[in-house]
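S.K.:
Residue numbers (full-length UniProt numbering): 1 to 616.
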């Protein structure tokens with residue numbers, strides 16, 4: 001009876017949903033510049049949030065919106081001649097455009113962090129510097145000496161490593177850029193622009209200890225992105241674990257854990273999608289695992305020589321001989337990213353790997369002999385796998401993976417965005433992305449899809465605002481019969497949403513915008529760092545064409561659609577409210593709002609107390 005009253009109240013609340021508009025200008029820049037009332041910024045805080053009003057080198061404005069004149073006086077006498085200034089300016093342009101494997105790793109350091117949007121940054125970093133800062137100072141002839149220029153550039157990378165967690169991508173990129181910068185300074189010494197003493201990087205202080213334990217929330221979010229890699233590593237390591245006396249107690253699978261979680265909390269089924277391999281993918285995995293079984297006369301795994309490629313700095317001679325380097329981890333990554341169209345392509349890479357080993361190792365040596373033996377075994381395993389019928393690759397539940405499925409006269413594939421029947425309200429279908437497709441033993445076809453929630457289905461601060469048509473990525477990966485697919489839709493990352501529509505998508509199909517993950521356990525919104533990390537492996541490296549608007553559109557950001565649900569007597573000390581659920585197989589009927597203190601960023605505070613470092 002209590003549930004019926006609660007649901008009735010929730011249904012009345014749904015009927016009262018009413019939008020209110022507020023215009024927010026979206027610039028052609030990272031979406032991270034838009035701040036929630038809750039201060040939820042992108043985790044890669046170092047420079048990824050543009051400073052409002054910050055211009056180029058001709059007149060930089062700092063994070064307060066005021067001219068940057070704190071570090072050097074505007075009237076500083078000119079000490080650098082024009083030739084030196086021009087050469088240093090070229091160096092700044094080279095550094096800010098530097099790419100590693102076609103990735104612009106210097107992007108986060110182009111502009112300083114916005115003080116209004118991320119005040120915590122300035123509690124740690126007392127002297128914020130970016131490439132735009134240095135361009136500005138060069139243009140205005142503010143440097144008294146070359147050493148000041150050298151220090152400013154070095155400070156960019158030092159700040160990034162002080163603020164961000166050791167082991168994070170931005171921490172590593174900053175370290176790599178510092179090495180590149182040091183190399184470029186030596187070139188300036190060779191050119192006579194600098195003397196050796198001026199090219200020495202200054203001591204800017206210590207850095208956090210490597211790989212500190214990340215704060216719990218940060219670790220949880222990182223775990224969500226790394227689950228696939230962990231699964232793969234776990235499988236690979238099974239055969240390598242030392243065998244001890246007695247039978248090892250089997251550990252519960254992720255599926256078993258998910259089922260246990262669902263029993264404890266009926267509406268929640270979190271985690272990664274089920275690992276369902278197509279027959280071709282299963283054959284490739286069998287090949288990768290098969291070559292790991294063989295050992296030499298000393299009981300050592302023969303595959304150990306081929307796990308990873310030699311270090312190019314330690315063994316440059318290897319790359320003078322080998323023009324197509326391949327290692328086992330190369331093949332594993334390609335298989336994981338669905339690069340192989342068939343088993344023969346994977347075998348071909350393995351053949352190249354073994355032939356490379358035979359090129360650089362003398363005949364009769366241990367590595368050469370292991371390459372010959374494993375090459376023979378790889379061919380045998382491949383032939384055996386090809387002779388197996390597809391039905392042999394059904395899992396223990398009788399699932400046979402499918403690459404696509406027909407429904408309503410259309411073909412549906414992994415990566416497609418769909419509306420799924422919402423049992424709570426058929427007029428408000430669930431937004432989801434397909435991750436897996438299979439057929440069970442009874443010929444019923446299924447999909448596994450990741451749910452995206454609408455703002456009204458989340459729990460959030462009463463002052464939080466949302467974009468029109470915004471959705472948030474959840475940790476809910478649910479199984480649905482194919483018949484539950486209603487129609488197509490599309491979800492775009494915030495950085496592209498205001499620029500156009502996906503090409504070929506009918507005009508009557510809804511396009512949503514997403515910029516955050518939503519954690520149902522603690523009701524936190526975490527800005528998405530990399531959109532590709534939110535997508536299935538099959539489509540992570542596939543882009544889509546767009547029909548661009550004549551000019552980027554202004555987006556509306558609205559107050560919470562359930563703001564009116566706030567209890568008149570709500571206090572900051574109230575416990576965190578929970579969403580209202582009606583059915584286990586559906587998203588929340590409605591979320592909730594509260595007045596609890598806005599999150600002051602516990603992750604940052606925790607990291608600050610540990611070596612004064614953290615990553616948002």
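Where a beta carbon is used, it is the ideal one built from N, C-alpha and C, also for glycine.
For residue 277, report the span of its beta strand (DSSP E) as first-last.
M.R.: Here residue 277 belongs to no beta strand (DSSP E), and DSSP marks it neither H nor E.
S.K.: Compute the Euclidean distance between the alpha carbons of residue 540 and residue 434, then round it to the nearest angstrom.
M.R.: Each residue's alpha carbon lies about 13 Å from the other.
S.K.: In the DSSP assignment, find the beta strand (DSSP E) that holds residue 434 and state where it starts and stops.
M.R.: Per DSSP, residue 434 belongs to the beta strand (DSSP E) from 430-439.
S.K.: Is DSSP giving residue 306 helix, strand or coil here?
M.R.: It is helical.
S.K.: Taking the alpha-carbon positions, what's the residue 159 to residue 90 distance?
M.R.: So the two alpha carbons sit approximately 22 Å from each other.
S.K.: Compute the Euclidean distance between the alpha carbons of residue 376 and residue 124, then round it to the nearest angstrom.
M.R.: Cα to Cα, residue 376 sits roughly 58 Å from residue 124.
S.K.: Can you look up residue 620 in the DSSP assignment and give me helix, strand or coil?
M.R.: Past the boundaries of the shown model lies residue 620; the chain is included only from 1 to 616, so the question cannot be answered.
S.K.: Are residue 487 and residue 448 closer than 8 Å when you measure CB to CB?
M.R.: No, the pair does not count as a contact, with Cβ atoms beyond the cut-off.
S.K.: Could you round the C-beta distance between residue 510 and residue 469 to whole angstroms and report it? I think they count as a contact, below 8 Å.
M.R.: 7 Å between Cβ atoms; contact.
S.K.: Mapping DSSP to helix, strand and coil, what is residue 311?
M.R.: In this structure, residue 311 counts as coil in the three-state DSSP scheme.
S.K.: Comparing alpha-carbon positions, which option in 313, 464 and 504 lies nearest residue 557?
M.R.: That would be 464, whose Cα lies nearest to the Cα of residue 557.
S.K.: First and last residue of the alpha helix (DSSP H) that includes residue 354?
M.R.: Unbroken alpha helix (DSSP H) run through residue 354: 343-360.
S.K.: Among 129, 588 and 80, which residue has its Cα nearest to the Cα of residue 424?
M.R.: Here the closest residue by C-alpha is 588.
S.K.: Using the rule of at least 16 other Cβ atoms within 10 Å of the residue's Cβ for burial, across every protein chain shown, is residue 549 buried or exposed?
M.R.: When all chains shown are included, residue 549 counts as exposed.
S.K.: Do residue 357 and residue 371 count as a contact pair if the criterion is CB distance below 8 Å?
M.R.: For residue 371 and residue 357, yes; Cβs fall inside 8 Å.
S.K.: In its own chain, which residues sit with a C-beta less than 8 Å from the C-beta of residue 86, not counting the 5 before and 5 after it?
M.R.: Excluding positions up to five away in sequence, the list is empty.
S.K.: Which class does residue 151 belong to by DSSP, given the choice of helix, strand or coil?
M.R.: Residue state, collapsed to three classes: helix.
S.K.: Going by the DSSP bridge assignment, what does residue 459 pair with across the sheet?
M.R.: Per DSSP, 592.
S.K.: Counting along the chain, where does the beta strand (DSSP E) carrying residue 419 start and finish?
M.R.: Looking at the DSSP string, the run of the beta strand (DSSP E) that includes residue 419 is 417-420.
S.K.: So, residue 374 versus residue 437, is the Cβ gap smaller than 8 Å?
M.R.: Cβ atoms of residue 374 and residue 437: not closer than 8 Å.
S.K.: According to DSSP, is residue 297 helix, strand or coil?
M.R.: The answer is coil: DSSP assigns residue 297 none of H, G, I, E or B.
S.K.: Determine whether the beta carbon atoms of residue 353 and residue 321 lie at a separation below 8 Å.
M.R.: No, these two residues do not count as a Cβ contact at 8 Å.
S.K.: For my contact list, residue 578 and residue 459 are in at a C-beta cut-off of 8 Å; report their separation, rounded to the angstrom.
M.R.: Rounded, the Cβ-Cβ distance is 7 Å, consistent with contact.
S.K.: Restricting to Cα atoms, I'd like to know which of 547, 482, 533 and 537 is closest to residue 504.
M.R.: Of 547, 482, 533 and 537, the residue nearest in Cα terms is 547.
S.K.: Please go through the same chain and pick out, in chain order, the residues whose beta-carbon is closer than 7 Å to the beta-carbon of residue 307, but skip the five residues on each side of it.
M.R.: 327, 328 and 329, listed in sequence order.
S.K.: Suppose contacts are defined by Cβ-Cβ distances below 8 Å. Is residue 552 in contact with residue 498 by that definition?
M.R.: Taking 8 Å as the Cβ cut-off, residue 552 and residue 498 qualify as a contacting pair.
S.K.: Please classify residue 648 as buried or exposed, where buried requires at least 16 other C-beta atoms within 10 Å of its C-beta.
M.R.: Residue 648 lies beyond the stretch modelled for the chain, which goes from 1 to 616, so this question has no answer here.
S.K.: Under three-state DSSP, which class holds residue 86?
M.R.: In this structure, residue 86 counts as helix in the three-state DSSP scheme.
S.K.: Got a sec, what are the start and stop residues for the alpha helix (DSSP H) residue 131 sits in?
M.R.: Start and end: 131-139.
S.K.: Among the candidates 187, 188, 182 and 157, whose CA atom is the shortest distance from the CA of residue 173?
M.R.: Closest by alpha carbon: 157.
S.K.: With burial defined as no fewer than 16 other Cβ atoms inside 10 Å of the residue's Cβ, what is the status of residue 581: buried or exposed?
M.R.: Buried: at least 16 other Cβ atoms inside 10 Å.
S.K.: Can you give me the Cβ contacts of residue 534 inside the same chain, cut-off strictly under 7 Å, excluding the 5 residues immediately before and after it?
M.R.: If we look at residue 534 and ignore the five residues flanking it on each side, its Cβ neighbours are 473 and 528.
S.K.: When the Cβ atoms of the segment 178-195 are set against those of the segment 135-142, are three or more pairs found closer than 8 Å?
M.R.: No, the segment 178-195 does not touch the segment 135-142.
S.K.: Please list the terminal residues of the continuous beta strand (DSSP E) segment that includes residue 406.
M.R.: It spans 404-407 - the beta strand (DSSP E) in which residue 406 sits, taken as one unbroken run.
S.K.: Between the beta-carbon of residue 127 and the beta-carbon of residue 155, is there less than 8 Å?
M.R.: For residue 127 and residue 155, yes; Cβs fall inside 8 Å.
S.K.: Excluding the 5 residues preceding and the 5 following residue 296 in the sequence, name in chain order all residues of the same chain whose CB lies nearer than 6 Å to its CB.
M.R.: If we look at residue 296 and ignore the five residues flanking it on each side, its Cβ neighbours are 302.
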